[in-house]
Amino acid sequence: GRGAPAAPGPDGSITLRLAFFPNLTHAVALVGSARGTFQEALGPNVTLDLKTFNAGPALIEALFAGEIDIGYVGPNPAINGYVRSNGQALRIIAGACSGGASLIVRPDAGIASPADLAGKTFATPQFGGTQDVAMRHLLRAHGLKTADQGGTVTVLPTQNPEILTLFQQGAIDGAWVPEPWATRLIQEAGGKVFIDERSQWPDGSFVTTHVIVSTAFLNARPDLVEAFLRGHVATVRDIQEDPEAARSLVNQEIERLTSVPLPSQVLDQALTTLAFTYDPLASTLFVMAGHAFELGFLGDEQPDLSGIYDLGPLNAVLAEEGLDPIALP
Amino acid sequence: MVDQTARESRQVVARAVAEPQAKGEGIPLRIVGVHKTFADRDRRIPALQPIDLEVGAGEFVCLLGPSGCGKSTLLSIVAGLEPASGGSVWAGEREVRGTDTDRVLLFQEAALFPWLDVQHNVEFGLRQAGMPRAERAAVARRFIDLVHLGGFERSYVHQLSGGMRQRVALARALAINPAVLLMDEPFGALDALTRDRLQAELEAIWAATRKTILFVTHNVREAVALGDRVLVFSPRPGRIVREFRIRLPRPRRLEDHALVDQAAEILAVLHAAAEMEGGRHGR
Amino acid sequence: MVDQTARESRQVVARAVAEPQAKGEGIPLRIVGVHKTFADRDRRIPALQPIDLEVGAGEFVCLLGPSGCGKSTLLSIVAGLEPASGGSVWAGEREVRGTDTDRVLLFQEAALFPWLDVQHNVEFGLRQAGMPRAERAAVARRFIDLVHLGGFERSYVHQLSGGMRQRVALARALAINPAVLLMDEPFGALDALTRDRLQAELEAIWAATRKTILFVTHNVREAVALGDRVLVFSPRPGRIVREFRIRLPRPRRLEDHALVDQAAEILAVLHAAAEMEGGRHGR
Amino acid sequence: MAAEILRNRPRAAGPSRAALLPWVRRLGFYLALLALWEGVARAGFWPPWILPGPLTVIETLVEGVQRGTFVTGAVVSLRRLAIGYGISLALGLVLGLLIGRIKVLDETLGSLVLGLQALPSVCWLPLAILWFGLNERAIIFVVVLGALFSIILGVQAGVKNTPPLYLKAARNLGARGPAVYTQVVLPAALPAILSGLKQGWSFAWRSLMAGELLYFTLSLGNLLQIGRDLNDAAQVMAVMLLIVIIGVCIDQILFAPFERRVRERWGLA
Amino acid sequence: MAAEILRNRPRAAGPSRAALLPWVRRLGFYLALLALWEGVARAGFWPPWILPGPLTVIETLVEGVQRGTFVTGAVVSLRRLAIGYGISLALGLVLGLLIGRIKVLDETLGSLVLGLQALPSVCWLPLAILWFGLNERAIIFVVVLGALFSIILGVQAGVKNTPPLYLKAARNLGARGPAVYTQVVLPAALPAILSGLKQGWSFAWRSLMAGELLYFTLSLGNLLQIGRDLNDAAQVMAVMLLIVIIGVCIDQILFAPFERRVRERWGLA
Ligand SMILES: Nc1ncnc2c1ncn2[C@@H]1O[C@H](COP(=O)(O)OP(=O)(O)OP(=O)(O)O)[C@@H](O)[C@H]1O
Ligand SMILES: Nc1ncnc2c1ncn2[C@@H]1O[C@H](COP(=O)(O)OP(=O)(O)OP(=O)(O)O)[C@@H](O)[C@H]1O
Ligand SMILES: [Mg+2]
Ligand SMILES: [Mg+2]
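Chains as they are written, first to last, in the working numbering: chain A, 639 to 967; chain B, 1470 to 1752; chain C, 1470 to 1752; chain D, 3 to 271; chain E, 3 to 271.
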């Protein structure tokens, strides 16, 4: 069943294909699947097929190909997927995680204020990615230009593992990275936090992970989407209520899936900067998209993201649970 | 001594060709105005001037000519391995358009398959003809014995001496029992005794099956000993300058005075042709 | 006619070897108890029984023997290309431990380099010897002319006939003017006339430079015409069964009665040896 | 005559000394390499988390094997490799033969091969998902496309470089149609083809490492990726070591003896 | 005798009809491929954002070229490729020759080659940074390590498959030391080596694509990566198309004529 949601089997059973990453910011997916909360919410007729990915673009690719129904993914891939498909392929239906990105600098780099960023070299994990945009936006806000614009600051999009090595080597002065890398730069390379990205946003919240659904699936089985969100919201609330239990379950799942657990001190430190929420924090997504556009990343025309959210199912679930509905800005 | 050898070997041959062989009986060859010029990027090398030649069914024709005059080229064309630049070749009723197992060329350079041992080299043609495994093994053994290579069935090509390779190639060609044998200096690398013996075997096979044979050699006495006719070629680009019909009775003995005299006459013609042509081209 | 040819060619040779050539003059060869057995995964093939042989400086020795008796193997060992299974070879004062340009082997199978044209094939050895470009081009041309291949300098190996390849190999070996020439059926693929001419050239070069020559051939009369001595080998595993010192005056003519008689005698020995050995091994 | 070809050469009981010598040399070489690596690692130019020594790496490897992750991962990966390589082999031999022998195919398809071969395997991931979905077959597809062109190239070159004399001899002896390919072209080109097959094998490995990132399962590709993602140099190197060991073993078990046999037959040894 | 070898064969003014025919066929083939692709894309099995048609892709390519990004990227990448491939070529030829000829090297170093060649290029990224830092040289290092083993393998196989007769003849004629390698082993193995060089070329490309992800500069590797990161199928395919076009051109300009000449000389054509 490619390009369309899975058709029900002869006994009325149906498969829901759920995708996520085995990492911290996807804790809701890890906990929800491990505890069986999702399965419970979906009922016995639905088989939950879990697919694990390494990176957002690959997940979007699979969603495009009709191999994924619901996925946990960061804002950038979601926006790209939406824009590429002319708004047709996917919808954001809930939030999952907020926070968890920082500009870490080397203590001996002499960076005390934004003005000190001049003449320095910074790494970001992906050209045009969320952190890259944040970094460049910060520079721009302080009137600094990057080297390719004739300025003095070098922004070096590199892959996360290389960033750590470079940081350890002193080849870069700082890096704007997501968790757990920010924590590892601090703990393993002696970096210090220059900017916690939460400080850049009102309420200290900004979207890091949210839930998307393929439009085809949403149209075909809105009931299942709603059922899934019931499980999602319940899991978020579980984590909020008992972070300690969630913490060990998350690491257990990471170890089960990748064979390697996160070191506990990294886990503890990283979790302090993260918050789990079903609020998609839509306004922050629009602001991010605006920044990216200003920096020339989203093409020549401001993309129209007005239809990217479909919070109907979420609000239905929230209403059932007696929680406040979420409005779009 | 040669006679004795010949007698001996005729027994081997008798065994080798004992089976009833419907095919393998000679067919006539007709070569009409065949000529050949090799062309590469920036030169044209004429190798053969137009050749006209009729060979009767079961006739044994020997070709003599200076090195590089086009003998091998002519045999290749008759075998259907090389296209002529012009003219046509007829084998029996049909025009030659490619290879066919009724005409088999025995290459000047053995051309054995290095990935096969002697046994399988000899079996190769039989296998192509669809002969069952056991039968072709037996046939191959017979012909390996015929060329005195019993015991070397499992040897690979690089383990053989030059003369042994030539003999394997001979066995391989004879094994498939073609109507026309095109032999390019098949005995060139053999010692006198082996040569005598194999000449005798060849004559015996020919006598038994009446194959049509085109036989290139540089040994004038060999040509006279074997051929019904001997054709003498000019230097490159080759053409037939003289034709000798050899009427000596068979079996012929290399030491026969008549044969030696005939050979001397042909040698003289060969020399004269070479000198003349050499002169013509300013040598 | 042969004499005339010989005279003509002696002029070419005179030009070819005109330069003063300190090296190239023969040295003695001493072969002591050399034997050879080839071994592969599961069999041992004895190719040569212990050979003892002394060749004087400037001596011309011809080897005759049945196909596969180990003649090429012996030449390879003397050239230093193949290790003996036992025994030793001495060239001049030194024991042979590998190749050296004072001993050059003319391979049975031409062994030309397909990536070089005729000119560069002949120049190859000269280039290794460090001869300057212009000089070696000139030397190569002389030897190409010597083997009658003028005009084919730019041809690649696949564009040559079998006999032409053999002649290129001859030119290539002669060009480096070694003290010892090890020739493995060098004229086997040549027509009678070319063969006569090249025999004459070879004799002339030998006469002028007194090289030591070991010469394998299957042509008994050729052996008698060229050799100071003729050695007859038994069938494999080869050993020297008879040695003939040829005392005929030079220049010798192939048609000479004395030569023909001598050849007949040797042939008889060759046959007898083969029969005897054949019998010994149950053939 | 046959009697003299002695077949009773005494065979040593067990491997002979001469046959062992290469292995002794090889062992010495590998030990020397490890010692060098350990030396560099200990010299302290670079911190151990960037350049761990062989002892650390081997320890990680052993641990991984004990926990079973490396074993499971290797088994999963090798299975995919075997299937993918097998398919490329079959396809590549056929296509290579055809392209090598048929001029029109060479001019059209053949001209594309080097271009397609240059494409990194990640390029095939989207197509793989499209055609096969998120499953084994998609990964195997990536492996096949990674190795196929390389094998085609090798076979084709081998075929083209075969002396035409063999073909002539074969036609002359009555070889026709497929027999020409299976009994002449292929064996004649075999020594050259073998090197193409080895190249294809490497391409298959590399493509597998890319293809396994399609989605997450326990496999060498993902163990490598996890190592990288965690910046765990010891794990990365342990996986690398495993890949190299497997590569060397496959070479020694599969390719080397085959090559040796072919060369022996041809007298190339 | 020489007089007959006519050198005055009339040369057609300009390319002859026969010489054009292969190009016509090739063009027809490529057009047919594009048409097929467009047909599949239009048939609508898959939405255009995942399988864009060739027209869209070519449009993207043309746009990229006009904006200059594709041109700059291609130039940067080709420069790295040329340097990296050049270095691997030099090293690979020397090492391949030595390993092919010297038994001890073959038993030690040679046994490692297939293992090392199987390693994906990403494995070399950490080492590249360690040794060279984040700069051109690091990327070139990755390219070199990507192509080197492949070239070694090709050269070594070519050398080992050379008929020993040529070597004997050369030694016999006085060739010694390096001359044996440059004047005999190398030219004798050339037809086989050429195929190894083509394999190396592909490995170099693929490694470059991995190496360029080391850090971001305008290059084909990064254009490809951006395309993937942005899920921009048209851009990914445009870069792929560019790589294929470059590959085909290099093959036609560099390798094919060279191969043709070698084969002509050897009489393999
Ligand atoms: N492929 C080729 N390309 C160019 N010229 C060729 C080719 N094959 C043969 N020739 C030329 O054609 C001529 C005849 O060659 P051929 O092999 O037929 O001679 P031949 O009579 O068999 O000589 P030999 O007795 O030496 O074997 C030679 O001069 C050779 O140079
Ligand atoms: N590499 C090898 N491996 C095994 N056996 C070999 C090898 N080379 C030669 N032989 C065997 O050694 C014997 C002698 O071979 P050699 O080439 O010396 O013979 P030859 O006297 O030159 O014969 P010919 O006159 O046919 O050239 C042959 O029986 C052959 O089978
Ligand atoms: Mg010929
Ligand atoms: Mg011999």
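Cβ atoms here follow ideal geometry from the backbone N, Cα and C, with glycine treated the same way.
Cβ contact annotation for G1556(B) (same chain, cutoff 8 angstroms, sequence separation greater than five): I1500, V1501, G1502, V1503, H1504, P1519, I1520, in chain order.
Distances between the C-beta of K1540(C) and the heavy atoms of ligand 4 include at least one below 7 angstroms. E40(E) has a beta carbon lying at 8 angstroms or more from every beta carbon in chain D. DSSP, read as helix, strand or coil, puts D1665(B) in helix. One thing to note: L210(E) has its Cβ within 8 angstroms of the Cβ of V145(E).
The beta carbon of E939(A) does not come within 8 angstroms of any beta carbon belonging to chain D, so the residue lies off that interface.
Between the alpha carbons of D687(A) and L654(A) lies a distance of about 6 angstroms. Taken in chain order, the complete alpha helix (DSSP H) segments of 4 or more residues contained in the stretch 110-134 of chain E are 113-119, 126-134. Within chain D, no residue has its CB atom less than 7 angstroms from the CB of Q1577(B), the nearest being about 10 angstroms off.
Counting only runs of 4+ residues, the alpha helix (DSSP H) found wholly inside the stretch 1500-1550 of chain B occupies 1540-1548, in chain order.
Here Q764(A) is buried, its C-beta having at least 16 other C-beta atoms within 10 Å. Shortest gap from the CB of G1632(C) to any heavy atom of ligand 1: under 7 angstroms.
Secondary structure of G945(A) (DSSP, three-state): coil.
Burial check for V669(A): the Cβ neighbour count within 10 Å reaches 16 or more, so the residue is buried.
Its chain contains E1592, L1595, R1596 as the residues whose beta carbon lies nearer than 7 angstroms to that of R1605(B), once the 5 sequence neighbours on both sides are disregarded; these appear in chain order.
Counting only Cβ-Cβ distances below 9 angstroms, F1684(C) has no contacts in chain B at all, with the closest Cβ about 14 angstroms away. Listed in chain order, the alpha helix (DSSP H) runs fully inside the stretch 1569-1641 of chain B are 1587-1597, 1602-1615, counting runs of at least 4 residues. Put simply, the CB of T796(A) is near chain E, with a gap under 8 angstroms to one of its CB atoms. Interface criterion not met: the Cβ of W51(D) is under 8 angstroms from no Cβ in chain E. For H1627(B), the CB falls within less than 7 angstroms of some heavy atom of ligand 2. Looking only at R139(D), Y168(D), A120(D), the smallest Cα-Cα distance to G148(D) is reached by A120(D). Taking non-hydrogen atoms of ligand 1 into account, the C-beta of R267(E) is found less than 7 angstroms away from none of them.
The beta carbon of E932(A) is closer than 7 angstroms to none in its chain, skipping five residues each way along the sequence. Separation of T821(A) and Q907(A) (C-alpha to C-alpha, rounded to the nearest whole angstrom) is 6 angstroms.
If only uninterrupted beta strand (DSSP E) runs of at least 3 residues are considered, those enclosed by the stretch 851-921 of chain A are 912-914.
For V182(D), there is no enclosing beta strand (DSSP E), as DSSP marks it with neither H nor E.
Annotation for K689(A): the continuous beta strand (DSSP E) segment containing it runs 684-690. With 16 or more other CB atoms across the displayed protein chains lying within 10 angstroms of its CB, N224(D) is buried. Taking 8 angstroms as the threshold, the shortest C-beta distance from P122(E) to chain A does not fall below it. Here I1496(C) really is in contact with G1561(C); their C-beta atoms are around 4 angstroms apart, less than 8 angstroms. Considering only beta carbons, the part of the stretch 152-171 of chain D lying closer than 8 angstroms to chain B consists of L167, Y168, K170, A171, in chain order. In this structure, DSSP gives K830(A) an extended state, which the three-state scheme calls strand. Rounded to the nearest angstrom, the gap between the Cα atoms of R1721(B) and L1700(C) is 29 angstroms.
In this model, N889(A) and L80(D) are separated by some 29 angstroms (Cα to Cα).
For P795(A), the uninterrupted beta strand (DSSP E) run begins and ends at 792-795, by DSSP. S152(D): not part of any beta strand (DSSP E); member of the alpha helix (DSSP H) spanning 138-162, first to last residue.
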